[in-house]
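S.K.: Sequence order for the protein chains is A and B.
So for the first sequence, my numbering puts the first residue at 1; every next one is plus one.
So for the second sequence, my numbering puts the first residue at 163; every next one is plus one.
The beta carbon of each residue, even a glycine, is placed where N, CA and C say it ideally should be.
Predicted model, so just to flag it, every value in this text is computed and none were measured.
Before we start, here is the structure in question, set down as structure tokens.
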Amino acid sequence: MSASRRLLIVGGIALALLGMTYGVWYAVFAEHQELDGIGRSLTTSFSAAARIDSTAASVALEEYKDLKYAYDRHVDVHGHWIGLAMILIVLGIGLDRVSFGEQPKLILAAALLVGSFLFPLGVLLQTLSRGPMPRVLAVAGSGLVIASLAGMTVGFVRGQKP
Amino acid sequence: MRGRAETFVPLSARRLLVLGGIGLILVGMLVGDIFAVFVLHQNAAKVGASLSAAAHAAVAGDRNAVAVSFQSVGSFLENRGTKVDTHVHMIAFGYLALMLAILQPWVALREGTRKKVAWIFLFGSWLLPVGVFLIHYVGLAHSPLTTIGWASIFADLGGVVVIVATVGYLLGIMRYLRERQGVPTQDRLLEDRSDAGRILIAGGLSLVLLGFLHGAYYAAMDLYNQEALDAGLLNYVAAAASSRHLTQVEQGLGLYGQLAGKKAVNIAAHAHAIEFGLLAMLLAFFQPYVSLREQWKRTWAWVLLAGSLGLPVFVLLELKLGLIAGGIADVGGLLVIIALLAMWIGIVRYTGEIDAAVRPAGGGRG
Chain A
1 MSASRRLLIV
11 GGIALALLGM
21 TYGVWYAVFA
31 EHQELDGIGR
41 SLTTSFSAAA
51 RIDSTAASVA
61 LEEYKDLKYA
71 YDRHVDVHGH
81 WIGLAMILIV
91 LGIGLDRVSF
101 GEQPKLILAA
111 ALLVGSFLFP
121 LGVLLQTLSR
131 GPMPRVLAVA
141 GSGLVIASLA
151 GMTVGFVRGQ
161 KP
Chain B
163 MRGRAETFVP
173 LSARRLLVLG
183 GIGLILVGML
193 VGDIFAVFVL
203 HQNAAKVGAS
213 LSAAAHAAVA
223 GDRNAVAVSF
233 QSVGSFLENR
243 GTKVDTHVHM
253 IAFGYLALML
263 AILQPWVALR
273 EGTRKKVAWI
283 FLFGSWLLPV
293 GVFLIHYVGL
303 AHSPLTTIGW
313 ASIFADLGGV
323 VVIVATVGYL
333 LGIMRYLRER
343 QGVPTQDRLL
353 EDRSDAGRIL
363 IAGGLSLVLL
373 GFLHGAYYAA
383 MDLYNQEALD
393 AGLLNYVAAA
403 ASSRHLTQVE
413 QGLGLYGQLA
423 GKKAVNIAAH
433 AHAIEFGLLA
443 MLLAFFQPYV
453 SLREQWKRTW
463 AWVLLAGSLG
473 LPVFVLLELK
483 LGLIAGGIAD
493 VGGLLVIIAL
503 LAMWIGIVRY
513 TGEIDAAVRP
523 AGGGRG
């Protein structure tokens, strides 16, 4: 097994395990609590509106906004880590159909693996910090994924020619 | 050390994973189609109606009615969320099963062990979605915990079982890498360059790339604005309810509904393009096991790709074209299901020509 293929397959399985383990942790320790919080904050805000307390309504909706922001990202991280892991594994299996030498394949494989790990990690870190760094990490990671995927597509299309 | 050949005898680990995996994907897609046609829109309407009832109750100053309306919203959202999760997890586990099937030649475990791990994997893959589906109906009945019910506990157990099985195969692959480095592995699946396989892998990779580009565009141009608008519109509705302005409440709720629709179609288009692309790429590897004429294999490959492209494109167009686009998107999903079923039948029909060709050379164990 070539180094690039090994990197994609072993890295992909490890990423899938990370995504699943994270999903189990999230389902047990965070998801229900976040969903309850979202429902509670919405009820509080509209109850406050019913008693003409617009300040309390606003405060409760701020809580809703924060919880929804975190919930959407937690779910996205789980889905993207596992989805990207699957793409890594499939590309690893079919890598001999990509018509590049081992060195470019290794670079593309490494970029895809690093991007696939960093992009959801950046999204996850956005739940801890609203600063620019997590967004930069997510954008850089997704950029690596798209660029390496485009490279693989070019190599693959070249390999398709009889 | 001699190279070994991977075979596809009845009830081998690979066959179990392939047929079980495609079965999971088929059932997951059918659940998704049934959900889309009979539950999704009705559920969205109920959520909207409950949210509207909550806002109207706030305008009327009725706090009890607000609480009751949001309980309904929570219940409808849980109903929707668990059905989406059932659909998504069945398909995702099906994909994982297909990938593990392809990887079998690199799993350095005895066939008996690999077969047991395959059964364990399939057991967990069914337990999780069935458990998730039941969460809405079982609730917290007889649960020892305050926030998690029995259905959720069994769903989580299913997830753990899948992880254990996947780790088992991963250990087998690590063992292969440690002990059999450089030993050639015969696998006709990976050597196949048939037309159907090439159509599926090229089309699938293009779909994945399109899905990623759309996702990146959506994240850059719309995601953060829509998130801000979501909370902003709810704030607007709550403030209008506070000041008893019914017309503004109605206006805010209308805009909130439109926003929810925009988010839903973008996410669905992104997810389905990538998932169908991945499915096409995975199925490309199994074309040698599809026991149909080459012409039919090519036809089903094109049907699968047409449906895979049609569904996300027309889901996106739903905002402009309405129900007509939604109907065409559903037909796209149906085309994928039909093509997948045809390939599954072809694999069931397979009687082992490839294995017969490989076995004398490799002397592999089944």
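Cutting at 7 Å between CB atoms, please list the residues of its own chain near residue 296/B, excluding the five before and the five after it.
M.R.: Once the five neighbours on either side are set aside, the close Cβ partners of residue 296/B are 313.
S.K.: Contact between the segment 213 to 223 of chain B and the segment 409 to 417 of chain B is defined here as three or more beta-carbon pairs at a separation below 8 Å; is this criterion met?
M.R.: yes
S.K.: Between which two residues does the alpha helix (DSSP H) carrying residue 385/B extend?
M.R.: Bounds of any alpha helix (DSSP H) do not take in residue 385/B, whose DSSP letter is neither H nor E.
S.K.: Can you tell me whether residue 482/B is buried or exposed? The criterion is at least 16 other CB atoms within 10 Å of its CB, across all chains shown.
M.R.: exposed
S.K.: What residue does the alpha helix (DSSP H) around residue 218/B start on, and which one ends it?
M.R.: 203 to 221
S.K.: Kindly say whether residue 105/A, judged by its beta-carbon, lies nearer than 8 Å to any beta-carbon of chain B.
M.R.: no
S.K.: For the putative contact between residue 280/B and residue 175/B, defined by C-beta atoms under 8 Å, what is the C-beta separation to the nearest angstrom?
M.R.: 5 Å
S.K.: Taking only the alpha-carbon atoms, compute the straight-line gap between residue 246/B and residue 194/B and give it to the nearest angstrom.
M.R.: Taking the CA atoms as reference points, residue 246/B sits about 7 Å from residue 194/B.
S.K.: Please work out which residues of its chain come closer than 8 Å, Cβ to Cβ, to residue 141/A, disregarding the five sequence neighbours upstream and downstream, and give them in chain order.
M.R.: 114, 115, 116, 117, 118, 119, 120, 121 and 122
S.K.: Using the three-state DSSP reduction, which class does residue 95/A fall into: helix, strand or coil?
M.R.: DSSP places residue 95/A in helix when its eight states are reduced to three.
S.K.: So, using beta-carbon positions, are residue 542/B and residue 317/B closer together than 8 Å?
M.R.: With chain B represented from 163 up to 528, any question about residue 542/B goes unanswered, as that position is not in the structure.
S.K.: Provide the residue span of the alpha helix (DSSP H) that contains residue 406/B, from first to last.
M.R.: Unbroken run through residue 406/B: none, as it is neither H nor E.
S.K.: Where does residue 478/B fall in DSSP's three states?
M.R.: Here DSSP, grouped into helix, strand and coil, assigns residue 478/B to helix.
S.K.: Residue 357/B by DSSP, collapsed to three states: which one?
M.R.: helix
S.K.: Would the segment 9 to 26 of chain A count as touching the segment 202 to 212 of chain B if we require 3 or more Cβ pairs under 8 Å?
M.R.: no
S.K.: Give the DSSP-derived three-state secondary structure of residue 310/B in the structure shown.
M.R.: coil
S.K.: Is there a Cβ of chain B sitting closer than 8 Å to that of residue 126/A, yes or no?
M.R.: no
S.K.: Closest to residue 351/B by C-alpha separation, out of 272/B, 266/B, 495/B and 292/B, would be which residue?
M.R.: 266/B
S.K.: Could you tell me the distance, in whole angstroms, from the CA atom of residue 469/B to the CA atom of residue 96/A?
M.R.: 28 Å
S.K.: Just checking: is the beta-carbon of residue 225/B within a distance shorter than 8 Å of some beta-carbon in chain A?
M.R.: yes
S.K.: What residues of chain B sit near residue 122/A, judged by a beta carbon separation below 7 Å?
M.R.: Near residue 122/A there are no residues of chain B at all, since even the closest Cβ is about 11 Å away, more than 7 Å.
S.K.: Please tell me whether residue 43/A and residue 228/B are closer than 8 Å, where the distance is taken between their beta carbons.
M.R.: yes
S.K.: I'd like to know whether the C-beta of residue 64/A is nearer than 8 Å to at least one C-beta of chain B.
M.R.: Chain B, which has a Cβ nearer than 8 Å to the Cβ of residue 64/A, makes this yes.
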